[in-house]
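There are 2 protein chains.
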Amino acid sequence: MRVTLKDIAEAAGVSVMTVSNVINGKSARVSAETVERVRRIIDERGYVPSASARSLAANQSRLVGLLVPAASEDSLAISPHNIAIIGQIERRLRKRGYHLLLRGVSDTAEIGEALRSWSLDGAVLLGFLDEEIAGLHRRVTGATPVLAIDSYAAGPLTTGVRSDDFTGARLAAAHLLSLGHRRIVFAGPSFTDVGVVHERFLGFQQAFEDIGLSIADCPVETLNTTHENGVALGRCWLGAHPDATAVFATADILAIGIIEGMLEAGIGVPDRVSVVGFDDLDISAYITPKLTTIAQDIVGKATHAVDRLLTLVEGGERSADPLVLDVRLVTRNSTAPPSSR
Amino acid sequence: MRVTLKDIAEAAGVSVMTVSNVINGKSARVSAETVERVRRIIDERGYVPSASARSLAANQSRLVGLLVPAASEDSLAISPHNIAIIGQIERRLRKRGYHLLLRGVSDTAEIGEALRSWSLDGAVLLGFLDEEIAGLHRRVTGATPVLAIDSYAAGPLTTGVRSDDFTGARLAAAHLLSLGHRRIVFAGPSFTDVGVVHERFLGFQQAFEDIGLSIADCPVETLNTTHENGVALGRCWLGAHPDATAVFATADILAIGIIEGMLEAGIGVPDRVSVVGFDDLDISAYITPKLTTIAQDIVGKATHAVDRLLTLVEGGERSADPLVLDVRLVTRNSTAPPSSR
DNA sequence: CTGAAAGCGCTTACAG
DNA sequence: CTGAAAGCGCTTACAG
Chain G
1 MRVTLKDIAE AAGVSVMTVS NVINGKSARV SAETVERVRR IIDERGYVPS ASARSLAANQ
61 SRLVGLLVPA ASEDSLAISP HNIAIIGQIE RRLRKRGYHL LLRGVSDTAE IGEALRSWSL
121 DGAVLLGFLD EEIAGLHRRV TGATPVLAID SYAAGPLTTG VRSDDFTGAR LAAAHLLSLG
181 HRRIVFAGPS FTDVGVVHER FLGFQQAFED IGLSIADCPV ETLNTTHENG VALGRCWLGA
241 HPDATAVFAT ADILAIGIIE GMLEAGIGVP DRVSVVGFDD LDISAYITPK LTTIAQDIVG
301 KATHAVDRLL TLVEGGERSA DPLVLDVRLV TRNSTAPPSS R
Chain U
1 MRVTLKDIAE AAGVSVMTVS NVINGKSARV SAETVERVRR IIDERGYVPS ASARSLAANQ
61 SRLVGLLVPA ASEDSLAISP HNIAIIGQIE RRLRKRGYHL LLRGVSDTAE IGEALRSWSL
121 DGAVLLGFLD EEIAGLHRRV TGATPVLAID SYAAGPLTTG VRSDDFTGAR LAAAHLLSLG
181 HRRIVFAGPS FTDVGVVHER FLGFQQAFED IGLSIADCPV ETLNTTHENG VALGRCWLGA
241 HPDATAVFAT ADILAIGIIE GMLEAGIGVP DRVSVVGFDD LDISAYITPK LTTIAQDIVG
301 KATHAVDRLL TLVEGGERSA DPLVLDVRLV TRNSTAPPSS R
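Keeping their order, the protein sequence lines are chains G and U. Numbering-wise (the UniProt record's numbering), the first sequence opens with residue 1 and increments by one. Numbering-wise (the UniProt record's numbering), the second sequence opens with residue 1 and increments by one.
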């Protein structure tokens with residue numbers, strides 16, 4: 001019932017390998033008129049090659065995995081920032097003739113299984129912790145190219161693309177400092193000595209050093225970057241940080257929650273406290289006050305991640321260094337000079 | 001280099017078909033001790049079956065497509081509402097032992113190609129227009145089960161799951177009417193006589209009829225449901241609808257834009273105009289004022305869509321009727337009685 | 001309970 | 001420029 005290569009070959013009066021050559025564009029090996037005739041028959045019959053047969057025979061699938069962490073029973077743990085990236089990755093892969101397998105992974109050991117089960121040509125890792133990525137061994141990836149987004153892990157297996165987190169945080173802090181703030185809270189997830197959050201912390205620190213100050217007086221609030229946690233922090237702000245006049249949150253979604261909690265508690269933003277986020281989500285411009293934040297190049301991240309991965313897939317060399325994308329400060333209404341009380 | 005069935009069979013001293021039986025759980029055909037021994041060797045060697053070989057031989061792939069509209073050069077056209085669904089669909093498929101192929105489709109003709117190329121066991125259509133779905137022929141889907149989310153198209157090929165749009169709109173309008181509003185703008189995309197928006201319009205109308213009124217005085221604003229369009233409408237509200245005291249927007253993202261535009265123009269929400277949305281996005285609770293809206297059961301939509309699809313995949317019958325999920329009114333701060341001026 | 005063999009739909013050297 | 005044949009790694013009747 002399925003139309004196969006063989007059917008086309010018979011209808012065209014040629015061998016299957018000739019049809020195969022036509023389909024794969026190896027037209028140097030086939031006369032122009034044969035190509036023409038075969039093409040026509042393929043269209044007439046609506047022939048679609050079997051990807052699994054092709055994958056099995058050629059040992060390449062034109063399938064790329066997008067692997068995302070997910071507790072086994074949970075939905076994918078996709079932050080608002082990462083959601084935007086998925087659509088872009090699909091688009092880029094499609095444009096380059098690949099397909100996307102989206103897969104939640106509850107244990108990094110499953111990564112190897114995913115790669116081998118589908119003979120994936122490559123995979124993009126999105127949203128994993130640096131520890132998880134650093135723990136990846138060639139034993140699990142095998143020879144399959146894998147590339148991580150937003151990773152600082154040193155391993156050569158996954159070098160990928162990320163934003164310039166250091167500079168982003170430095171810009172954010174410099175903006176607050178230039179407005180006159182000195183006691184600025186750093187709010188973000190706990191971090192070790194490597195990773196996105198650590199880089200942002202270093203950048204934050206650097207901005208102070210740039211003007212001869214230290215962050216000694218700046219409290220660090222450790223919390224996961226969710227809206228809910230932000231609200232909680234905003235509500236109890238006065239008790240926790242009576243002297244602070246500003247906060248830098250490592251994610252917009254957290255910053256948005258903080259603002260909401262503060263407004264509930266009667267703390268004016270930016271009159272009493274200025275808030276800066278990181279990501280520049282769509283919604284960051286929808287809330288009141290509109291959020292001052294650091295914009296990342298999401299389209300660039302997705303596009304370059306795919307391009308770099310496919311370079312490897314198609315036999316190219318892996319760059320030793322990750323691609324670092326520029327960020328920029330977007331000044332909106334959640335920041336102002338500290339009130340002069 | 002790849003560990004194959006044959007390798008396992010040799011190591012275990014049995015035939016490949018015995019190993020195959022063990023893997024596929026057909027343990028009735030194998031002695032318990034053989035099962036045990038084979039299992040151990042599989043673990044030791046880290047054997048992972050080849051999905052493409054299996055797909056080719058068994059004519060079933062355990063792959064399900066999630067097909068989403070996308071202009072060819074564009075990113076996936078995923079509304080905030082649909083984004084939330086994707087993660088849930090992946091989770092449910094994974095739980096049931098299937099994998100997800102995410103694919104942008106720029107022309108419905110590509111649907112057939114996607115199905116056949118990967119021998120997909122089934123596919124979920126997300127975000128297509130009813131006209132597109134209605135135009136689908138068995139010629140393109142073949143024998144592959146396909147299920148549409150949020151479709152009212154009558155064809156038996158795609159019957160799926162959707163929310164109770166009629167009731168949702170009716171609840172929204174009834175809420176506004178009970179507050180005392182009479183001149184209420186209906187804002188949403190253009191619609192024909194079938195589809196989500198049409199149903200919401202009917203529900204809107206019904207709420208008026210329920211209390212013996214007509215919608216004769218209610219203007220309809222036709223615009224695509226984007227934040228941007230909402231802002232534009234909100235800004236020019238006074239000129240366009242000086243007498244209206246409320247608006248029902250068919251999507252939260254639109255409602256959020258409308259509120260923003262109104263606030264910019266100095267129109268108080270809900271003091272001067274009440275706004276109701278539809279979807280209950282996360283962000284709808286983050287904005288000020290928090291949005292009154294109709295909540296849909298997103299997890300239910302995704303879960304039931306997958307379950308219904310897999311019923312078909314596994315040989316079950318297609319229900320003649322779509323599954324209709326309950327909706328509920330979430331009353332927040334964007335609605336109030338009309339001001340008594 | 002177990003196995004030998006055919007076949008799924010392709011691609012890839014190899015030969016002509 | 002074209003073809004016959006082997007093989008990719010599985011599953012599926014069929015036989016014993």
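The beta-carbon is built from N, C-alpha and C at its ideal position, and this holds for glycine as well. Note that this is a predicted model, so its numbers are computed, not measured.
Within chain U, Ser50, Ala51, Ser52, Leu63 and His99 have C-beta atoms less than 9 angstroms from the C-beta of Trp118/G, given in sequence order. Residues of chain G with a Cβ closer than 8 angstroms to the Cβ of Ser339/U do not exist; the shortest Cβ-Cβ separation is about 21 angstroms. With a contact defined as Cβ atoms closer than 8 angstroms, Leu66/U and Leu126/U qualify at about 6 angstroms. For Gly13/U, the secondary structure class from DSSP, reduced to helix, strand or coil, is coil. For Arg94/G, the chain U residues whose Cβ falls inside 8 angstroms of its Cβ are Ala70, Arg103 and Gly104, in order along the chain.
Look at the segment 275-291 of chain G: the residues with a C-beta under 8 angstroms from a C-beta of chain U are Asp282, Ile283, Tyr286, Ile287 and Thr288. Within chain U, Tyr286 have C-beta atoms less than 7 angstroms from the C-beta of Glu260/G, given in sequence order. Taking the CA atoms as reference points, Val194/U sits about 29 angstroms from Leu120/U.
In this structure Val276/U is in contact with Ala255/U, their Cβ atoms being roughly 7 angstroms apart against a cut-off of 8 angstroms. Taking all protein chains shown into account, Ser27/U has fewer than 16 neighbouring C-beta atoms within 10 Å of its C-beta and is therefore exposed. When the beta-carbon positions are compared, Ser61/G and Leu176/G stay at least 8 angstroms from each other.
In the three-state DSSP reduction, Pro80/G falls in the helix class (H, G or I). The DSSP assignment places 32-45 as complete runs of the alpha helix (DSSP H) inside the segment 17-56 of chain G, in order along the chain (cut-off: 4 residues). DSSP places Arg103/G in the strand class (E or B) of the three-state scheme. Distances from the CA of Phe166/U to each of Pro338/U, Leu325/U and Met1/U were compared; the closest alpha carbon is that of Leu325/U. Cys236/G sits exposed, since fewer than 16 C-beta atoms from the chains shown fall within 10 Å of its C-beta. In the DSSP assignment, Gly122/U falls outside any alpha helix (DSSP H) and within the unbroken beta strand (DSSP E) covering Gly122 to Leu126. Thr311/U: not part of any beta strand (DSSP E); member of the alpha helix (DSSP H) spanning Ile298 to Val313, first to last residue.
DSSP places Arg2/U in the coil class of the three-state scheme, outside both helix and strand. Residues of the same chain with a CB within less than 6 angstroms of the CB of Ser334/U, apart from the 5 flanking positions on each side, are Val269, Pro270, Val275, Pro289, Leu291 and Thr292 in chain order. For Leu312/G, same chain residues with a beta-carbon under 7 angstroms away, outside a window of 5 residues either side, are Gly122, Pro145 and Arg318 in chain order. Of the residues Gly112/U, Ser339/U and Ala295/U, the one whose Cα lies closest to the Cα of Leu157/U is Gly112/U.
In this structure, Phe208/U lies away from Thr250/U, with their beta-carbon atoms at least 8 angstroms apart. Residue burial annotation: Arg162/U is buried, with at least 16 other C-beta atoms found within 10 angstroms of its C-beta.
According to the DSSP secondary-structure assignment, Glu221/G is paired through a beta bridge with Ala187/G. Along the segment 175-192 of chain G, none of the residues has a CB nearer than 9 angstroms to a CB of chain U. Within 10 angstroms of the beta-carbon of Thr222/G lie fewer than 16 other beta-carbons, which makes it exposed. Closer than 8 angstroms to the CB of Arg45/G there is not a single CB belonging to chain U. Under a 10 Å Cβ-count criterion, Ile41/G is classified as buried, with 16 or more other Cβ atoms of the shown protein chains found around its own Cβ. Close CB contacts of His241/U within its chain, under the 7 angstroms cut and outside five residues either way in sequence, are with Val185 and Pro219 (chain order). Per DSSP, the continuous beta strand (DSSP E) segment holding Val68/U begins and ends at Leu63 to Pro69. Around the beta carbon of Thr225/G, a 10 Å sphere encloses 16 or more other beta carbons of the protein chains shown; the residue is thus reported as buried. Distance check between Ile287/U and each of Gly300/G, Gly257/G, Gly239/G and Thr331/G places Gly257/G closest, using alpha-carbon atoms only. Setting aside the 5 residues that flank it on each side, Asp7/U is surrounded in the same chain by Arg45 and Tyr47, each with a C-beta closer than 8 angstroms to its C-beta; the list follows chain order. Chain G has a Cβ within less than 8 angstroms of the Cβ of Gly87/U. Per DSSP, reduced to three states, the secondary structure at Val276/U is strand.
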